[in-house]
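Student:
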Amino acid sequence: MPISPRTALLVIDVQNDFIPGGQLAVPEGDLIVPLINRLAGQFKQVVIAQDWHPAGHASFASSHPGRQPYDVIQLPYGEQTLWPDHCIQGSRGAEFHTGLDLPHAQLIIRKGCNPDIDSYSAFLEADRVTTTGLAGYLKERGIDTVYMVGLALDFCVMFSALDARAAGFNAFVVLDACRAIDLNGSLATAIERMQVAGVGLIQSTEIL
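The sequence shown maps to residues 1 to 208 in UniProt numbering.
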């Protein structure tokens with residue numbers, strides 16, 4: 001299908017720590033990289049989101065004595081799942097997967113940089129108030145539709161898709177170019193939340 005110039009591809013968190021062998025590995029996270037590269041070739045506008053945490057981030061279990069990864073606690077902005085230390089600024093784990101080949105991407109948007117607030121979404125941090133600036137960038141570029149691929153489908157991809165819709169964009173998630181963590185049924189919940197919000201759930205064959 002021809003891709004409109006008013007459309008962008010958003011590639012979410014394809015970083016070493018989310019790939020098998022990383023600190024917060026998403027099963028089969030590496031397998032989607034060649035497909036993402038092929039999809040990106042269809043888009044003039046490509047944006048890459050990058051998790052970019054300072055050491056000691058509030059979302060790390062290691063920052064909360066006595067807590068374990070995947071515990072859920074209350075932070076000032078609400079409920080927070082605690083994660084293994086991951087995607088620390090400047091670390092190898094925070095780097096993009098070496099197979100990712102997106103030379104024409106014009107923007108890398110870094111998120112999770114505030115030490116006190118997590119940020120799954122590429123649009124809005126977990127306090128649901130602090131914006132990343134991505135919506136403004138896309139609107140200034142005349143983009144009205146965003147396709148999303150990457151990791152993890154049930155966290156960063158889902159929240160980015162929901163926030164894209166809330167910001168007024170048409171949003172599509174390319175399911176076979178994503179992989180999920182699936183923590184306590186989080187994948188089924190994510191699919192349902194995206195459907196309710198009007199996010200289009202498609203396969204890569206609908207683009208390629």
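Virtual Cβ for every residue (Gly too), placed ideally from N, Cα, C.
Model, not experiment: these values are computed from the prediction.
1) Relative to the C-alpha of residue 4, which residue among 53, 42, 33 is closest?
2) Excluding five sequence neighbours on each side, which residues of the same chain lie with their C-beta closer than 6 Å to the C-beta of residue 101?
3) How close, in whole Å, do the beta carbons of residue 173 and residue 157 come, if the pair is a contact with beta carbons under 8 Å?
4) Would residue 187 pass as a contact of residue 154 if the rule is Cβ separation under 8 Å?
5) For residue 15, name the three-state secondary structure that DSSP assigns.
6) Quick one: what's residue 80 bridged to in DSSP?
7) What residue from 72, 82, 152, 206 has the CA that sits closest to residue 191's CA?
8) In chain order, what residues of the same chain have a beta carbon less than 6 Å from the beta carbon of residue 48, not counting five sequence neighbours either side?
9) So, are the CB atoms of residue 183 and residue 86 less than 8 Å apart?
10) Relative to the C-alpha of residue 68, which residue among 130, 83, 20 is closest?
11) Contact between the stretch 114-127 and the stretch 58-66 is defined here as three or more beta-carbon pairs at a separation below 8 Å; is this criterion met?
12) Between residue 148 and the ligand ADP, is there a pair consisting of the residue's CB and a ligand heavy atom that are separated by less than 7 Å?
13) For residue 48, report the span of its beta strand (DSSP E) as first-last.
14) Starting from residue 177 and walking both ways along the beta strand (DSSP E), at which residues does that stretch end?
15) Residue 46 and residue 33: beta carbons closer than 8 Å?
16) Applying the 10 Å Cβ sphere with the 16-neighbour rule, what's the burial state of residue 70?
Tutor: Quick look at the numbers:
1) The count along the sequence shown starts at 1 and reaches residue 4 at position 4. Ranking the options by Cα distance to residue 4, first place goes to 42.
2) What you label residue 101 is simply residue 101 of the sequence shown in a count that begins at 1. Excluding positions up to five away in sequence, the list reads 37.
3) Position 173 of the sequence shown, counted from the start, is the residue given in the question as residue 173. Position 157 of the sequence shown, counted from the start, is the residue given in the question as residue 157. Sure, about 6 Å apart at Cβ, within 8 Å.
4) Position 187 of the sequence shown, counted from the first residue, corresponds to residue 187. Position 154 of the sequence shown, counted from the first residue, corresponds to residue 154. Their beta carbons are under 8 Å apart, which means residue 187 touches residue 154 by this criterion.
5) Indexing the sequence shown from 1 puts residue 15 at position 15. It is a strand residue.
6) Residue mapping note: residue 80 aligns to position 80 of the sequence shown, counting from 1. Residue 80 pairs with 73.
7) The residue you call residue 191 lines up with position 191 of the sequence shown. Residue 191 has its Cα closest to that of 152, out of 72, 82, 152, 206.
8) Within the sequence shown, numbered from 1, the residue matching residue 48 stands at position 48. So the list reads 11, 105, 108, once near-sequence residues are dropped.
9) For the purposes of this step, residue 183 is taken as the residue at position 183 of the sequence shown. For the purposes of this step, residue 86 is taken as the residue at position 86 of the sequence shown. No; because the gap between Cβ atoms is not below 8 Å, this pair is not in contact.
10) Within the sequence shown, numbered from 1, the residue matching residue 68 stands at position 68. Residue 68 has its Cα closest to that of 83, out of 130, 83, 20.
11) yes
12) Questions concerning the ligand ADP fall outside what the structure shown contains, since it holds no ligand whatsoever.
13) Counting from 1 along the sequence shown, the entry for residue 48 is found at position 48. Segment 45-51, the beta strand (DSSP E) holding residue 48.
14) Looking up residue 177 in the sequence shown gives position 177. First-last of the beta strand (DSSP E) with residue 177: 170-179.
15) Residue mapping note: residue 46 aligns to position 46 of the sequence shown, counting from 1. Residue mapping note: residue 33 aligns to position 33 of the sequence shown, counting from 1. Cβ distance not < 8 Å, so residue 46 and residue 33 don't count as in contact.
16) The residue you call residue 70 lines up with position 70 of the sequence shown. When all chains shown are included, residue 70 counts as exposed.
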